[in-house]
Every structure is written in structure tokens, then in C-alpha cells.
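A.B. asks: My questions will all concern the structure given below.
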Amino acid sequence: MASKAAAKLPSWLAPLKKWAYNAAGFNRYGLYHDDCLYEYDDVKEALRRLPEPVLQARNFRIIRAMQAELQHEVLPKDQWTKYEEVCGFY
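Put into C-alpha cells, the structure is as follows:
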């Protein structure tokens, strides 16, 4: 249902969404938007239902981002998450 609604977005909105994604900054640390969600009960349940490889990849992204932040660095540009590869997991 959500994908059908997203497909009907006006054409001028796509560049704006891409700009907002890049301006948010989490992609510079290799994170997806869903990695930054506060873990309320519904998010915890969604994480519990994730397949183990997906959950391990999420944990790796979060640890790598925390390490980069502690070192006051961002990842190399080839390791940034791209708007085109983002999909909602939770």
C-alpha cells in the first residue's frame, strides 16, 4: 500500500526528497534512516522479527557510525549510503 502511494508522488518532489536525505547527514556515516529510529516497543518488535543477517548488518552500521563520530570523521564517500539503495526494514 505504501509503495503505491509513494509511486504517485509528484515528479517535482523526488529531487526534494533526495536533497533532504543528503542534508540529514546520517548517510555520511553509512546509516539508513531506519537505523536512527528511537527504539520504542514497536521498533523493538520489528527488530526482533528481522532476519539475523539484516540485524547484524544494522548493528555493524551503527557501531561503525559511532566509531567514526568518536573520531570526528565521516566515512569515505564510497561508503556513504545512497538514496537509491534505501529501503524500509522496520
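Position in the sequence shown counted from 1, then plus 66, gives you this note's numbering.
Yeah, the Cβ is synthetic: ideal placement off N, Cα and C, and Gly gets one too.
Since we're looking at a predicted model, the values are computed, not measured.
1. Within this structure, are the beta carbons of Y95 and A123 separated by less than 8 Å?
2. Please state whether DSSP places K84 in a helix, a strand or coil.
3. Can you tell me whether V152 is helix, strand or coil according to DSSP?
4. Could you give the residue range of the alpha helix (DSSP H) that holds R127?
5. Straight-line CA distance for K148 to P117?
C.D. replies: Considering the structure as presented:
1. no
2. helix
3. coil
4. E118 to L136
5. 22 Å
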